[in-house]
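For the sequence shown, the numbering used here gives the first residue as 1, with consecutive numbering after it. Ideal Cβ positions, reconstructed from N, Cα and C, are used throughout, including at glycine. Encoded as structure tokens, the structure appears first; notes follow it.
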Amino acid sequence: MFVQYVIIVSLAQFVGASASVGNTLIMLRSVSPSDKSMALGFANAMANLLAYIPFPLLYGAAMDGSCLVWESKCETRGNCWLYDLDKLRYSYFGTSITFLSLAVVFATGVAFVASDIRDFYDDGYQEVYSSEDPKIRYKKRDPVRIFEEHDQGRFKV
């Protein structure tokens, strides 16, 4: 049973780590180049704020709910002496599965929204697939956009 647990947790960590690269790229491509450092700092601050404040409280409540025998000193409740292991297992992993399911739902929403983004920096380049090999892509400028930029004095080659 322990080997299956280690394999499942390792696979979940691998998938989560590889998804974080895509999330960072989407975030960096969704903001203007001058705001990239601010976006990284804000995302890091929000991740730390949301991870380190509510989650220990929620997991602590899930663990406290599975306690069978509490220490009692001077009519105050102390530490838990005995846990109901089945209830602890279900509450701990149930809480984790709930949060991971929410993360999957939000990641799916981000994937749908990000799939519509074509020109991240509004530079007029479009990705074009080769007719001979669909795996080969190259970037092509929109000719109408070139003439508009020339008329506005912002001609770029």
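Less than 8 Å between C-beta atoms, sequence neighbours within five positions excluded: which residues of the same chain meet that for T95?
Translated into positions along the sequence shown, residue 95 becomes position 95. L58, Y59, A62.
Tell me whether F155 sits in a helix, a strand or coil according to DSSP, three-state version.
By one-based count along the sequence shown, residue 155 stands at place 155. With a pLDDT of 47 at F155, under the threshold of 50, the predicted position of this residue should be treated as unreliable, and no value is reported.
Exposed unless 16 or more other CB atoms sit within 10 angstroms - verdict on S159:
An answer regarding residue 159 cannot be provided, because it is not within the stretch 1 to 157 covered by the chain.
Alpha carbon to alpha carbon, what distance is there between L82 and S72?
For the purposes of this step, residue 72 is identified with residue 72 of the sequence shown, where counting begins at 1. For the purposes of this step, residue 82 is identified with residue 82 of the sequence shown, where counting begins at 1. Roughly 13 Å separates the two Cα atoms.
Identify, in the order they occur along the chain, each residue of the same chain with its Cβ nearer than 7 Å to the Cβ of A114, setting aside the five sequence neighbours on each side.
As a position in the sequence shown, residue 114 is number 114, starting the count at 1. Taken in chain order, the residues that qualify are I26.
For V69, which residues does DSSP report across the bridge?
Within the sequence shown, the letter at position 69 stands for residue 69. In DSSP, V69 forms a bridge with L82.
Mind reading off the beta-carbon distance from L28 to A39? Whole number of angstroms is fine, and I expect it under 8 Å.
Locating residue 28 in the sequence shown gives position 28, counting from the first residue. Locating residue 39 in the sequence shown gives position 39, counting from the first residue. L28 to A39, Cβ: 7 Å. Contact.
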